[in-house]
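Participant: One structure coming up, written as structure tokens, with questions to follow.
Numbering (the working numbering), first residue to last: 20 to 119.
Shown next, in the form of structure tokens:
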């Protein structure tokens, strides 16, 4: 499921969203074995601190699905949110970030 790729959104340490795009691409490539997909997502950057958050999301989503529950909305832990922050602490906001 592509929803766990959202872990890589709003990552201010990855302004070009390389990991988000890599995640979307690899998960939608049916010819790749699952193990290779996960490896490629983990290696989208030299230091990919969010790969553990991605795996955590996948585990929680699979547990949710196994229980027969259909709406899965992952709640990002603080440590995952902190991994997206830059040292300068400046986070530009855009109007579209607030649209519902």
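Where is the CB? At the ideal position from N, CA and C, for every residue including glycine. Just so we're clear, the structure is a prediction, and the values are computed from it rather than from any experiment.
Helix, strand or coil for residue 83 per DSSP?
Facilitator: Correct three-state label for residue 83: helix.
Participant: Between the stretch 42 to 58 and the stretch 79 to 86, do three or more beta carbon pairs fall short of 8 angstroms?
Facilitator: As far as the Cβ criterion goes, the stretch 42 to 58 does not touch the stretch 79 to 86, which means the pair count is below three.
Participant: Any chance the stretch 25 to 38 sits against the stretch 57 to 69, with 3 or more Cβ pairs inside 8 angstroms?
Facilitator: In short, these stretches touch, since the Cβ pair count reaches three.
Participant: Please go through the same chain and pick out, in chain order, the residues whose beta-carbon is closer than 8 angstroms to the beta-carbon of residue 47, but skip the five residues on each side of it.
Facilitator: If we look at residue 47 and ignore the five residues flanking it on each side, its Cβ neighbours are 21.
Participant: Grab the span of the alpha helix (DSSP H) containing residue 40 for me, first residue to last.
Facilitator: 37 to 46
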